[in-house]
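Below: the structure, in structure tokens.
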Amino acid sequence: MKFKRGIYFGTAFLLLIFTMILSISAGAVKIPLQEILNVFLGGGSETSRTIILNLRLPRVVESTVVGMGLSVVGAFFQGLLRNSMADPYVLGISSGAAFGATIAIILGLGIFGLSFMAFITSLMTVFFVYTISKTGTRVSMTTMLLAGIAISAFMSAIISLMMLLNHDEFSRIVFWTMGGFSLINWNGVVFSTPVILIGSFVMYVFSRDVNAILTGEEVAEHLGVNTELVKKIILVTGSLVTATAVSVGGIIGFVGLIVPHISRLIVGPDNRILVPFSAISGAIFLTFADLLARVILKPMEIPIGIITAAFGGPFFLYLLIKSKQKSEGM
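Okay, so the sequence shown: first residue is -2 according to the working numbering, each after it adds one.
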């Protein structure tokens, strides 16, 4: 079993490297592999250096990191809620973060102000959903999922209204609502990468606790797990990671839904294995999605949210149908 998992991890890692190199090479201007190597070794033409180091490499790194973060959050949320349809997008956290980002854009705040507003509003969204779902000392995971979907729809409506009332910032707000890395630079990478990676690691520390919760909250508590504390830490940390991802890439839906679910089918439900595999797989998925966004209609670029939704929408319907069939079978 360990050997098989090693093969899976090795293959995924090589596929990630291949996808990153392909993403650096492809685009409106195709750059050969030899020229990429020359640039990384300090040579290459000035044009190639500018395209690779200032334009493509930052967005490849950012799409990789954001893909990792959203997939890790999705894996933990699915485990915590014991529902394969849970992810930051469905729970309303992404919409909450986008609401804060929209306010920051209208107020003319910079990336740090935007990220702060995104985190605060996503945290408020989590708190609201958590409060609605709480009965006594317990939190209903099903109610939390439904409340998240409702909040997400409400936030999306408010964002649309704000777009209509602020024509000057319309295009920037559209960018955040549809997602993309076209405006990313090294400042955004340096800001977001530590937050996303550290936040993901903090959640990973609780992998064993979430494994215990998967067997049932009462069983987990008998094993010494403070289930309510674990929920709060995962939700708050997941909100921070999601808000940071939204602040640099906008709303990118379904990454945290698709990737952990498929990863679970490959390596199993143990979060100690599932989470790192989901991180690598999420990096592959989002980097490839960003590549498609750049080359499908080149030289025009389409929002990455359209690509992820094209995969995620049908996949979400598949999960709903599968869940219905399972219920009817019982």
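The beta carbon of each residue, even a glycine, is placed where N, CA and C say it ideally should be.
### Continuous alpha helix (DSSP H) stretch holding Pro191: start and end
Against the sequence shown, residue 191 aligns to sequence position 194. Taken as a continuous stretch (DSSP letters only), the alpha helix (DSSP H) holding Pro191 covers 183 to 201.
### Query
If you drop the 5 nearest sequence neighbours on each side, which residues of the same chain put their C-beta closer than 8 angstroms to that of Ile193?
In the sequence shown, counting from the first residue as 1, residue 193 sits at position 196. Val62, Val63, Met65, Gly66, Val238, Thr241, Ala242.
### Where the alpha helix (DSSP H) containing Val264 begins and where it ends
Here residue 264 refers to the residue found at position 267 when the sequence shown is read from its first residue. 252 to 264 is the extent of the alpha helix (DSSP H) around Val264.
#### Entry: Cβ distance (whole Å) where Phe178 is taken to contact Ile108 below 8 angstroms
Within the sequence shown, residue 178 is the residue found at index 181, counting from 1. Within the sequence shown, residue 108 is the residue found at index 111, counting from 1. Cβ atoms of Phe178 and Ile108 stay farther apart than 8 angstroms, at about 14 angstroms.
### Message
For Ser330 and Gly105, what's the separation of their Cα atoms in angstroms?
### Response
Absent from the structure is residue 330, since the part of the chain shown begins at -2 and ends at 327.
### Message
Considering only the alpha carbon of each residue, which of Leu77, Ala83, Leu50 lies closest to Gly253?
### Response
Taking the sequence shown and counting its residues from 1, one reaches residue 253 at position 256. Ranking Leu77, Ala83, Leu50 by Cα distance to Gly253 puts Ala83 first.
### Task
Return yes when the Cβ of Ile103 is within less than 7 angstroms of the Cβ of Glu59, no when it is not.
As a first step, residue 59 must be located in the sequence shown, where it is residue number 62. As a first step, residue 103 must be located in the sequence shown, where it is residue number 106. Annotated as distal: Glu59 and Ile103, with beta-carbon spacing of 7 angstroms or more.
### Message
With a threshold of 8 angstroms on Cβ separation, who are the neighbours of Val199 within its own chain once the five nearest residues in sequence on each side are excluded?
### Response
Locating residue 199 in the sequence shown gives position 202, where the first residue counts as 1. Taken in chain order, the residues that qualify are Ile230, Thr234.
### Message
I want to see whether chain B comes within less than 7 angstroms of Ala98, judged by CB atoms only; does it?
### Response
In summary, chain B is missing from the structure at hand, where a single protein chain is found.
### For Thr47, the first and last residue of its enclosing alpha helix (DSSP H)
Indexing the sequence shown from 1 puts residue 47 at position 50. Per DSSP, Thr47 lies in no alpha helix (DSSP H) and is assigned neither H nor E.
### Query
Looking only at C-alpha atoms, which of Gly39, Gly24, Phe6 sits nearest to Asp287?
On the sequence shown, residue 287 is found 290 positions in, with the first residue counted as 1. Of the candidates Gly39, Gly24, Phe6, the one whose C-alpha sits nearest the C-alpha of Asp287 is Gly24.
### Message
Tell me the residue span of the alpha helix (DSSP H) that contains Met65.
### Response
Locating residue 65 in the sequence shown gives position 68, where the first residue counts as 1. Element bounds for Met65: 54 to 78.
#### Entry: Euclidean distance between Cα positions of Gly97 and Asn208
Position 100 of the sequence shown holds residue 97. Position 211 of the sequence shown holds residue 208. Their backbone Cα atoms lie some 33 angstroms apart in a straight line.
#### Entry: the stretch 141 to 151 / the stretch 84 to 96 touching (three or more Cβ pairs under 8 angstroms)
These segments touch.
### Task
Measure the Cβ-Cβ separation of Ser197 and Val69 and say whether it is below 7 angstroms.
Sequence index remark: in the sequence shown, residue 197 carries index 200 (1-based). Sequence index remark: in the sequence shown, residue 69 carries index 72 (1-based). Yes; because the gap between Cβ atoms is below 7 angstroms, this pair is in contact.
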